[in-house]
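Chemist: Please see the structure below; I have some questions.
Residue numbers (my numbering), protein chains in the order written: chain A, 2 to 118; chain B, 842 to 951.
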């Protein structure tokens, strides 16, 4: 049982390049999330998904797109990277609360460190 | 809307000292409350949680009690160790999202 895995662990991009971050979970969780963590800013939610085929915007969605084609995978795309997107990106998944009313404990991946030059 | 406020760090303590990290929240309904811990170079992991008022969550010597009357969920440990050095996040779940506090960095000196 691997939990939540993220690929890649580290990446360097030039401004304007594109890339996709992959998140996979093997816990059959309904909800999945992408966060970015910057010094002094805590965690900020980028996008999230409450089920296969559905996504929604979080707090800081601009410059990012996501897809959830399979329940176990949640992809984060950067179409044209900017230096402001230099950050550590965390994926998380969560089961639903009893009765299906919202999220419960979140399980985090190890993170992807992205540097945009 | 829902929000979480936790004390700013860093907090620096000597080994075996008593730890308190304050956390207060604003929420509608009946959210679950959490403390997560992040060790250097890792993702967040659940430390403890409480799902209703007056519940006490505990793990690894850490405790926190869900106080609805004071809207608080303060984290405490009676005797910290060097290995407890990490960043601690208070959080609440409401709806489909979890709201995290800004995090409090703890340094424990030997």
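Even for Gly, the Cβ is constructed at its ideal location relative to N, Cα and C.
Closer than 8 angstroms by beta-carbon distance: list the chain B residues that pair up with residue 91/A, in chain order.
Modeler: Per Cβ cutoff of 8 angstroms: 884 and 885.
Chemist: What runs of the beta strand (DSSP E), each 3 residues or longer, lie entirely inside the region 30 to 98 of chain A?
Modeler: Whole beta strand (DSSP E) segments, 3+ residues: 32 to 39, 43 to 52, 55 to 58, 65 to 68, 74 to 79 and 88 to 95.
Chemist: Give the straight-line distance between the Cα atoms of residue 51/A and residue 32/A, rounded to the nearest whole angstrom.
Modeler: Straight-line Cα distance between these residues: approximately 4 angstroms.
Chemist: What residues in its chain sit with their C-beta under 6 angstroms from that of residue 44/A, if we drop five residues either side in the sequence?
Modeler: Result list for residue 44/A: 36 and 38, in chain order.
Chemist: For residue 875/B, which beta-bridge partners are listed by DSSP?
Modeler: Answer is 890/B and 932/B.
Chemist: Applying the 10 Å Cβ sphere with the 16-neighbour rule, what's the burial state of residue 19/A?
Modeler: Per the 10 Å Cβ criterion, exposed.
Chemist: By how many angstroms is the C-alpha of residue 908/B removed from the C-alpha of residue 869/B?
Modeler: Taking the straight line from one Cα to the other gives about 14 angstroms.
Chemist: Report all residues from its chain with a CB closer than 8 angstroms to the CB of residue 10/A; omit the five preceding and five following residues, and keep chain order.
Modeler: Here the set comprises 111, 112, 113 and 114.
Chemist: So with CB distances below 7 angstroms, who are the chain B contacts of residue 26/A?
Modeler: Simply none; closest approach about 12 angstroms.
Chemist: In the region 937 to 950 of chain B, which residues sit with their C-beta less than 8 angstroms from some C-beta in chain A, listed in chain order?
Modeler: Under the 8 angstroms Cβ criterion, the region 937 to 950 of chain B contributes 937, 938, 939, 941, 942, 943 and 944.
Chemist: State the beta-bridge partners of residue 852/B as determined by DSSP.
Modeler: According to DSSP, residue 852/B bridges with 947/B.
Chemist: Which of the three DSSP states is assigned to residue 844/B in this structure?
Modeler: Three-state result, residue 844/B: strand.
Chemist: Is there a Cβ from chain B that is less than 8 angstroms from the Cβ of residue 105/A?
Modeler: Yes, because at least one Cβ of chain B sits closer than 8 angstroms to the Cβ of residue 105/A.
Chemist: So if DSSP puts residue 898/B in a beta bridge, which residue, or which two residues, is it bridged to?
Modeler: Answer is 905/B.
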